[in-house]
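Worksheet: one structure, shown below.
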Amino acid sequence: MKRVLLIFAILFTTIRAQQVELWGRAIPGGLIVGKATNAVQVRLNKKALKVDGAGYFVFGFDRDAKGKYLLAVYFKNGKSFRKEFKLKKWKYFVQRINRLKRKFVTPPKKYYKKINRERKIKREKKKLIGKIDTAYYAAGFIRPVKGGRISSKFGSQRILNGVPKSPHNGLDIALPAGTKVRAMSDGKVILVANNFFYSGNFVIIDHGQGLTSSYLHLRKIYVREGEFVRKGEIIGEVGSTGRATGPHLHWSVMWYKNRIDPNETLKIKLNRKPKIYAVKN
Ligand SMILES: [Zn+2]
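Numbering (my numbering), first residue to last: 135 to 415.
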């Protein structure tokens with residue numbers, strides 16, 4: 135009897151071992167977290183994704199992503215799993231902002247040097263993205279501030295003082311200055327920036343495997359570069375530094391260079407049942 139039970143237990147674990155769990159939505163700006171124990175390789179189209187020891191991997195779709203994406207998971211025993219995602223066309227808001235100071239719409243020449251210097255710093259720090267294999271984001275996601283009014287949605291096409299500009303790559307939440315801002319998940323602080331022309335004081339956190347979050351226009355920053363922060367830890371205070379018409383948090387999320395809708399991370403509840411795909415033996 136014991137032997138039969140043991141065989142059943144082994145069978146059960148091997149069957150369970152070849153499954154793929156997915157959380158999140160396949161839409162432009164969407165994010166998907168996956169878990170596949172015993173996976174040796176995971177690919178999205180031609181890109182090999184990072185998979186950590188627990189089998190976690192993540193991928194996202196840019197604001198302007200379209201067409202088909204093929205996810206392929208290869209297991210130790212030679213089995214594989216494939217799933218195709220077809221992205222629907224997405225419509226974005228057109229947002230007109232007219233009260234902006236002129237220097238923020240078309241910056242005067244005297245700011246060029248500063249802006250270029252800041253771009254370079256950002257570019258250098260962004261080279262670090264994708265170097266962390268561990269899925270720190272597996273701690274789950276929270277909204278970095280409580281309440282507030284959404285003053286600009288993710289992806290909005292922006293027209294500043296009548297001049298068309300690049301789309302809004304984050305989510306703006308208007309709140310009183312001084313409101314505490316929390317880390318949306320576990321991660322490592324890769325950039326603490328002070329007084330940047332556009333973004334003001336801000337923080338970028340690397341959540342592993344190419345997933346990052348940014349918190350812009352802060353009044354105060356409580357963390358340092360290189361520091362590890364936990365989900366929910368206070369990292370700063372809402373402010374209106376940089377290009378801002380009033381105190382608000384600009385919260386943005388990226389997977390490598392793909393612009394993700396921050397609200398999509400909140401739809402991923404890792405403690406709730408995922409979509410489970412069993413892979414036949
Ligand atoms: Zn914003």
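Glycine included, C-beta positions come from ideal geometry on N, C-alpha and C.
For residue i, list the residues DSSP reports as bridge partners.
| i | result |
| --- | --- |
| GLN153 | ALA412 |
| GLU252 | Beta-bridge pairing links GLU252 to no other residue. |
| HIS384 | ASP306, LEU350 |
| TYR190 | LYS169 |
| GLU361 | GLU361 is not bridged to any residue. |
Does the Cβ of residue i have 16 or more other Cβ atoms within 10 Å, making it buried, or fewer, making it exposed?
| i | result |
| --- | --- |
| VAL297 | exposed |
| GLU359 | exposed |
| THR346 | buried |
| ILE410 | exposed |
| ILE249 | exposed |
| ILE255 | exposed |
| ASN392 | buried |
| GLY212 | exposed |
| GLY344 | buried |
| GLY370 | buried |
Among the options, whose alpha-carbon lies nearest the alpha-carbon of residue i?
| i | options | result |
| --- | --- | --- |
| GLY342 | ALA170, ILE293, ALA272 | ALA272 |
| HIS351 | GLY360, ARG364, LEU345, PHE330 | PHE330 |
| LYS420 | GLY334, ALA327, VAL279, TYR332 | Any question about residue 420 goes unanswered here, given that the chain covers just 135 to 415. |
| GLY321 | LEU234, PHE215, SER348 | SER348 |
| PHE362 | ALA378, THR379, ILE338 | ILE338 |
| ARG377 | LYS409, ARG233, LYS407, GLY168 | ARG233 |
| ASP186 | TYR270, PRO241, PHE195, GLU252 | TYR270 |
| VAL207 | LYS235, VAL387, ALA173, LYS403 | ALA173 |
| GLN153 | ASP198, ILE161, SER214, LYS180 | SER214 |
| ALA199 | ALA412, ILE394, LYS403 | ILE394 |
| TRP224 | PHE195, GLY344, LYS407, LYS181 | PHE195 |
| PHE238 | PHE336, PRO301, ARG253, ASN295 | ASN295 |
Please return the same chain residues whose Cβ sits closer than 6 angstroms to the Cβ of residue i, not counting the five positions on each side in sequence.
| i | result |
| --- | --- |
| ARG283 | ALA308 |
| LEU205 | LEU178, LYS217 |
| PHE191 | GLY168, VAL176, LEU183, VAL185 |
| ILE293 | ARG230 |
Find out if the Cβ-Cβ distance for the pair residue i, residue j is shorter than 8 angstroms.
| i | j | result |
| --- | --- | --- |
| PHE227 | LYS299 | no |
| VAL372 | HIS382 | yes |
| GLY334 | PRO396 | no |
| ILE276 | MET318 | yes |
| GLY274 | GLY163 | no |
| VAL357 | VAL326 | yes |
With a CB to CB cut of under 8 angstroms and the five nearest residues on each side skipped, what residues in its chain are close to residue i?
| i | result |
| --- | --- |
| LEU262 | ILE324, ASP340 |
| SER374 | ALA311, GLY334, HIS351, ARG353, GLY380, PRO381, HIS382 |
| ALA188 | LYS169, THR171, ALA269, ALA272 |
Please work out which residues of its chain come closer than 7 angstroms, Cβ to Cβ, to residue i, disregarding the five sequence neighbours upstream and downstream, and give them in chain order.
| i | result |
| --- | --- |
| GLY366 | ILE276, ARG316, ALA317 |
| PHE193 | ILE166, LEU178, LEU183, TRP389 |
| ARG159 | GLU398, LYS401 |
| LYS220 | LYS202 |
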